[in-house]
Ligand code: GUN
């Protein structure tokens, strides 16, 4: 039976560290501020934004909330971002994605000042990650590296397979694993014989968005399996991209859903906000 990687506990430890550092800054008269921008009424986005604000309250980070109507124009949103870029009292800017269709997401991401881009989505930060320079790293893959490190899973020289090639998870994940000296393969919907490839992985990161897609036949005995999925099973119950019951019999370590990767994303956002204020 695999060791269960407790993302709730690890994320809570990270938030406690941030809370302490924020308090120390406050004692020196400095506050840490995150501007959270939500456009429209996407129900999932509303939940994510609420959770981010709750984490700000917990860690002592001041959050400024900008909730704009669904019909907001691109120009209006860009104007707000410009204001926030110029404000000395705003350390980090987060624009919750997806945006309504009349707004070009790339344009919005590129408008955020790279040194306030706590999501790590700006091309400048993406480029910095790819050439090993300092910059903001996307929160979900950064959180996964913390899960592995804090669970004592060595990445050096190991074969890591990442299923999924999104800009938010798959691609930055592969670069971060490479930075840890893993040998990295990125797999995706066009990959041939996915189960056989995955079975060669010492570390398997699954970010495809299909409920219980990865079954026991994908997993090598003793491998570490990280499930980024947030799906619903046939009964409407929250589950991941990995068939947890079957895979946990074979893996050496595994993240549950919920309580694995999910809480880490927000903890790393808090860490990025702190970094935005001190650097
Ligand atoms: N939508 C889904 N994930 C994310 C994220 O990590 N950041 C933002 N801003 N929007 C998202």
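Numbering (my numbering), first residue to last: 103 to 381.
Note that CB positions come from ideal geometry on N, CA and C, so glycine has one too.
Owing to the predicted nature of the structure, the values given are computational and were not obtained by experimental measurement.
Check whether residue i and residue j have beta carbons under 8 angstroms apart
{"i": "residue 325", "j": "residue 117", "result": "no"}
{"i": "residue 205", "j": "residue 179", "result": "yes"}
{"i": "residue 197", "j": "residue 210", "result": "yes"}
{"i": "residue 104", "j": "residue 270", "result": "no"}
{"i": "residue 392", "j": "residue 352", "result": "Not covered by the structure: residue 392. The range shown for the chain is 103 to 381."}
{"i": "residue 365", "j": "residue 147", "result": "no"}
{"i": "residue 239", "j": "residue 222", "result": "yes"}
{"i": "residue 348", "j": "residue 318", "result": "yes"}
{"i": "residue 255", "j": "residue 363", "result": "no"}
{"i": "residue 341", "j": "residue 314", "result": "yes"}
{"i": "residue 138", "j": "residue 167", "result": "yes"}
{"i": "residue 132", "j": "residue 379", "result": "yes"}
{"i": "residue 136", "j": "residue 163", "result": "yes"}
{"i": "residue 244", "j": "residue 199", "result": "no"}
{"i": "residue 110", "j": "residue 272", "result": "no"}
Rounded straight-line distance, which links the Cα of residue j to that of residue i
{"i": "residue 376", "j": "residue 123", "result": "8 angstroms"}
{"i": "residue 120", "j": "residue 250", "result": "19 angstroms"}
{"i": "residue 331", "j": "residue 343", "result": "5 angstroms"}
{"i": "residue 229", "j": "residue 236", "result": "10 angstroms"}
{"i": "residue 186", "j": "residue 354", "result": "46 angstroms"}
{"i": "residue 217", "j": "residue 337", "result": "44 angstroms"}
{"i": "residue 298", "j": "residue 274", "result": "24 angstroms"}
{"i": "residue 225", "j": "residue 295", "result": "33 angstroms"}
{"i": "residue 310", "j": "residue 203", "result": "23 angstroms"}
{"i": "residue 292", "j": "residue 234", "result": "28 angstroms"}
{"i": "residue 258", "j": "residue 358", "result": "24 angstroms"}
{"i": "residue 283", "j": "residue 106", "result": "24 angstroms"}
{"i": "residue 70", "j": "residue 142", "result": "This structure gives no information on residue 70, because the portion of the chain shown stretches from 103 to 381."}
{"i": "residue 262", "j": "residue 323", "result": "14 angstroms"}
{"i": "residue 241", "j": "residue 372", "result": "9 angstroms"}
{"i": "residue 128", "j": "residue 374", "result": "17 angstroms"}
{"i": "residue 171", "j": "residue 151", "result": "15 angstroms"}
{"i": "residue 108", "j": "residue 177", "result": "43 angstroms"}
{"i": "residue 195", "j": "residue 165", "result": "10 angstroms"}
{"i": "residue 305", "j": "residue 157", "result": "29 angstroms"}
{"i": "residue 160", "j": "residue 115", "result": "12 angstroms"}
The beta strand (DSSP E) enclosing residue i, as first and last residue numbers
{"i": "residue 172", "result": "Note, residue 172: premise wrong, no beta strand (DSSP E); not H, not E."}
{"i": "residue 264", "result": "261-265"}
{"i": "residue 197", "result": "194-197"}
{"i": "residue 313", "result": "Residue 313 -> no beta strand (DSSP E), and no H or E assigned at all."}
{"i": "residue 124", "result": "That residue, residue 124, is in no beta strand (DSSP E); its alpha helix (DSSP H) goes 109-129."}
{"i": "residue 138", "result": "135-141"}
{"i": "residue 231", "result": "Premise fails: residue 231 lies in the alpha helix (DSSP H), 225-232, not in any beta strand (DSSP E)."}
{"i": "residue 308", "result": "305-308"}
N- and C-terminal bounds of the alpha helix (DSSP H) containing residue i
{"i": "residue 331", "result": "Taken as a continuous stretch (DSSP letters only), residue 331 belongs to no alpha helix (DSSP H), as it is neither H nor E."}
{"i": "residue 272", "result": "272-281"}
{"i": "residue 156", "result": "145-161"}
{"i": "residue 368", "result": "364-380"}
{"i": "residue 296", "result": "296-300"}
{"i": "residue 247", "result": "241-252"}
{"i": "residue 211", "result": "207-213"}
{"i": "residue 289", "result": "Taken as a continuous stretch (DSSP letters only), residue 289 belongs to no alpha helix (DSSP H), being part of the beta strand (DSSP E) at 285-289."}
{"i": "residue 346", "result": "346-349"}
Among the options, the one whose alpha carbon lies nearest that of residue i
{"i": "residue 214", "options": "174, 189, 231", "result": "189"}
{"i": "residue 232", "options": "276, 173, 149, 115", "result": "276"}
{"i": "residue 268", "options": "154, 360, 161, 308", "result": "308"}
{"i": "residue 387", "options": "115, 140, 191, 161", "result": "Examination of residue 387 is not possible in this model, given that the chain is present from 103 through 381 alone."}
Chain B within 8 angstroms of residue i, Cβ atoms only
{"i": "residue 365", "result": "Among the chains of the structure shown, chain B does not appear; only one protein chain is present."}
Pocket of the ligand GUN defined by Cβ to heavy atom distance under 5 angstroms:
198, 199, 221
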